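The next block holds one structure in the form of structure tokens; read it before the comments.
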Amino acid sequence: RRPLDVIVVIFLLVNIPIVLFLEAQAVLPSWLFPKFLQGLVKWHVRANGDFFMRDMPSYFKGIVLADLFFRLPLLFLNAKAFYYG
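Per the working numbering, the very first residue in the sequence shown carries number 37; after that it's consecutive.
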């Protein structure tokens with residue numbers, strides 16, 4: 037296999053749960069996420085001072101929506117393309 041392609045596939049696959057389970061909490065109702073995922077975001081905000089996830093400005097929510105509707109499908113498609121490519 038091509039080593040660089042494997043690294044890219046791993047990177048893309050790691051980003052899928054980050055977008056789905058962490059970033060999506062900025063725009064989706066909290067009841068959709070288990071308490072441990074909500075706690076993970078709260079810990080991240082405290083530990084890293086992530087003011088985007090803490091304050092959630094409107095433009096950030098727009099970026100997250102773009103991530104969910106455009107980047108997320110592309111993560112799947114690109115991972116498949118690099119894996120089989």
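Built from N, CA and C at the ideal position, the CB exists for glycine as well. Bear in mind that the values here come from a model prediction, so they are computed numbers and not experimental data.
| Check | Outcome |
| --- | --- |
| So, Phe87 versus Ala62, is the Cβ gap smaller than 9 Å? | no |
| Quick check: the Cα distance between Ala60 and Leu68, rounded to an integer number of angstroms? | 10 Å |
| What distance in whole Å lies between the Cβ atoms of Ala115 and Leu48, which are believed to be in contact at a cut-off of 8 Å? | 4 Å |
| Since Val77 is in the alpha helix (DSSP H), which residue starts that stretch and which ends it? | 71-84 |
| In the structure shown, what three-state DSSP assignment does Val42 receive? | helix |
| Taking a contact to mean a Cβ-Cβ separation below 9 Å, would you say Val50 touches Leu104 in this structure? | no |
| Have a look at Phe72, Ile46, Val45 and flag the residue whose alpha-carbon is nearest the alpha-carbon of Leu58. | Phe72 |
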